[in-house]
Amino acid sequence: VPVGEYGISLTFEVPQDSLDEGTETLNLKVVSGSIESEITIIIYDTPPFEASMPDLVSVPCDETEEVCIELIQDPAYAYPPVTYNWTVNGVDYGEEECITYGALTSSLMEVYLEDGCDRELYLQGLFEVPYDALELTVPNDTLLCNGASTYMELGIVGGQPPYEVQWADFNDQELVHLVDPEESTEYEVVVVDNCDYSEFASTQIDVQTVKATILRESLGDDSYSFDVLVDPAEPYEGAYFYQWDFGDGQYAYEREPIHTYDGLSTYQAKVDVTTDIGCTDVAVVDIYGDVLFYIPTAFTPDNDGINDALEITGRQIRLFEIWIYNRWGELVYNSTDLNEAWTGDVNGGDHFAANGVYHWVIKASGFDTDAQEFRGFVHLMR
109 VPVGEYGISL TFEVPQDSLD EGTETLNLKV VSGSIESEIT IIIYDTPPFE
159 ASMPDLVSVP CDETEEVCIE LIQDPAYAYP PVTYNWTVNG VDYGEEECIT
209 YGALTSSLME VYLEDGCDRE LYLQGLFEVP YDALELTVPN DTLLCNGAST
259 YMELGIVGGQ PPYEVQWADF NDQELVHLVD PEESTEYEVV VVDNCDYSEF
309 ASTQIDVQTV KATILRESLG DDSYSFDVLV DPAEPYEGAY FYQWDFGDGQ
359 YAYEREPIHT YDGLSTYQAK VDVTTDIGCT DVAVVDIYGD VLFYIPTAFT
409 PDNDGINDAL EITGRQIRLF EIWIYNRWGE LVYNSTDLNE AWTGDVNGGD
459 HFAANGVYHW VIKASGFDTD AQEFRGFVHL MR
């Protein structure tokens, strides 16, 4: 240093080589004229970059949990700052030390960490949703006499309560019903638990009538198979005479005919039964045809008076219910009224659903058909 100057500036860089070299000493001699000074600079290794997260987080589907990264650091050392990048099932989720997460199914959590020394660290853990399978029990298929009744009880085990019980034949969520069907009936039920898992069960109750009664089964495409139960029963095959009038100008003279309608109207099928000793009885049944409905593939709820609501039209529908879900599986609309239109609101509130594709599920049963489930998509465009 020249004599008379009192300041000196020295800059040097310590390379980050990720090698554990122990403590290093840098000796600096400063000479100014006849005066010499020595400066010692001690260089320490950067402390290791270590962190941990839970290997397994177990949370019920209807709850959330905070998951955090724990940095493993010695308080005696200073550490460079750390950045976080969380992904859940490969999708970016957050950049904080902790995230709060909940899901219906198990998920893989991954975290990519980087500190100020450009060192990287990768951690992963499993977000587990424990679940006991949802199981339903209903009575075995039963044979009843006409006019008799029986209790039908639904049992539910497993899953995640509370449960939503959806009967095809009852407008309630009761588990026990006293039933006295006048004809053979299949009772169907769907149970949805709080994790949005569903299970289906059904039971058949057959009826032995004490008079001439028409039984019919839909074969699809407006075709039906007919039968007639008569009490007293035929003492031998061919003892009774059967004359069918299907209500559309067509006739048959056998006990179990199959007939196809044009599906354009409601018809009344009639059978005249004559016993071997000349006794007669007449049974009549209305034929409503298969369930038909139309639902648009898109609507534009922008209040311009054109296609502002999702309207469904249909015929031959006795029971109806629709659920509409967004892309995340969240319910945004539910109705049991076929004539009610969805205007794009969220569950009837003031908030409106965003543009996008929505998934709908319709359960419908006709007058002559059991409950059926239909699925599809509708585009909401404002």
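Just so we're on the same page, my numbering is the position in the sequence shown counted from 1, plus 108. Backbone N, C-alpha and C fix where the C-beta goes; we use that ideal spot for every residue, glycine too.
Item to check | Option in GLU178, SER166, LEU251, PRO289 with minimal Cα separation from PHE235 | outcome: SER166
Item to check | Buried versus exposed, by CB contacts within 10 Å (16 or more), THR321 | outcome: buried
Item to check | Touch test, the segment 216 to 235 against the segment 268 to 282, Cβ-Cβ under 8 Å, three pairs minimum | outcome: no
Next on the checklist: When you compare the segment 449 to 457 with the segment 246 to 256, are there three or more beta-carbon pairs, one atom per stretch, that lie closer than 8 Å?
Outcome noted: no
Checklist entry - Residue ranges of each beta strand (DSSP E) run of no fewer than 3 residues wholly in the segment 398 to 437, ordered along the chain? => result 400 to 402, 421 to 423, 427 to 433
Item to check | Inter-residue spacing [alpha-carbon to alpha-carbon] between ASP398 and THR258 | outcome: 29 Å
Next on the checklist: On the DSSP bridge list, what partners appear for GLU144?
Outcome noted: VAL139
Checklist entry - Could you give the distance in angstroms between the alpha-carbon of GLY456 and the alpha-carbon of TYR369? => result 41 Å
Item to check | Closest by C-alpha distance to SER160, when choosing among TYR192, ILE150, THR172 | outcome: TYR192
Item to check | Assigned secondary structure, ASN447 (DSSP; H/G/I helix, E/B strand, else coil) | outcome: coil
Item to check | Backbone secondary structure at ALA276 - three-state DSSP | outcome: coil
Checklist entry - For the beta strand (DSSP E) that CYS253 lies in, which residues bound it at each end? => result 250 to 253
Item to check | Boundaries of the beta strand (DSSP E) in which TYR350 is found, first to last residue | outcome: 349 to 353
Checklist entry - Can you find at least 3 beta carbon pairs, one from the segment 367 to 381 and one from the segment 394 to 412, that sit closer than 8 Å? => result yes
Item to check | Own chain residues within Cβ distance below 7 Å of LEU446, not counting five before or after | outcome: ILE420, GLY422, ILE425, PHE428
Item to check | Expected contact under 8 Å - CB spacing of ASN302 and PRO270 to nearest Å | outcome: 6 Å
Checklist entry - Which residues in the same chain as ALA360 place their Cβ atom closer than 6 Å to its Cβ, once the five residues preceding and following it in sequence are excluded? => result TRP352
Checklist entry - What are the residues that DSSP puts in a beta bridge with ILE385? => result Note: ILE385 sits in no beta bridge, so no partner.
Checklist entry - Which two residues bound the contiguous beta strand (DSSP E) that contains PHE485? => result 480 to 488
Checklist entry - What's the call for HIS459, buried or exposed, on a 16-neighbour Cβ count within 10 Å? => result exposed
Item to check | Boundaries (first-last residue) of the beta strand (DSSP E) holding PHE475 | outcome: Where PHE475 is concerned, there is no enclosing beta strand (DSSP E), given that its DSSP letter is neither H nor E.
Checklist entry - Straight-line CA distance for TYR295 to ALA211? => result 33 Å
Checklist entry - So which of HIS285, GLY266, GLY371, ASP389 has the shortest CA-CA distance to GLU243? => result GLY266
Item to check | Residue burial classification, ILE544 (beta-carbon count within 10 angstroms, cutoff 16) | outcome: An answer regarding residue 544 cannot be provided, because it is not within the stretch 109 to 490 covered by the chain.
Checklist entry - For ALA461, which residues does DSSP report across the bridge? => result ALA461 pairs with nothing; no bridge assigned.
Item to check | Per-residue burial, GLU365 [other beta carbons within 10 Å of its own, 16 or more giving buried] | outcome: The displayed chain sequence assigns Pro, not Glu, to residue 365. PRO365 is buried by the Cβ-count criterion.
Item to check | DSSP beta-bridge partners of LYS378 | outcome: ASP353, VAL392
Checklist entry - On the three-state DSSP scale, how would you describe SER373? => result coil
Checklist entry - So, helix, strand or coil for MET161, using DSSP? => result coil
Item to check | Where the beta strand (DSSP E) through THR195 begins and ends | outcome: 190 to 196
Checklist entry - Using the rule of at least 16 other Cβ atoms within 10 Å of the residue's Cβ for burial, across every protein chain shown, is MET260 buried or exposed? => result buried
Checklist entry - How about ILE149 and LEU164: do their beta carbons lie closer than 8 Å? => result no
Next on the checklist: Measuring alpha carbon to alpha carbon, tell me which residue in VAL199, GLN312, ASP335, ASP304 is nearest LEU89.
Outcome noted: The structure shown has nothing for residue 89, since the chain only spans 109 to 490.
Checklist entry - LEU229: which of SER145, ASN415, PRO156 sits nearest, CA to CA? => result PRO156
Checklist entry - Between the beta-carbon of THR405 and the beta-carbon of VAL486, is there less than 8 Å? => result yes
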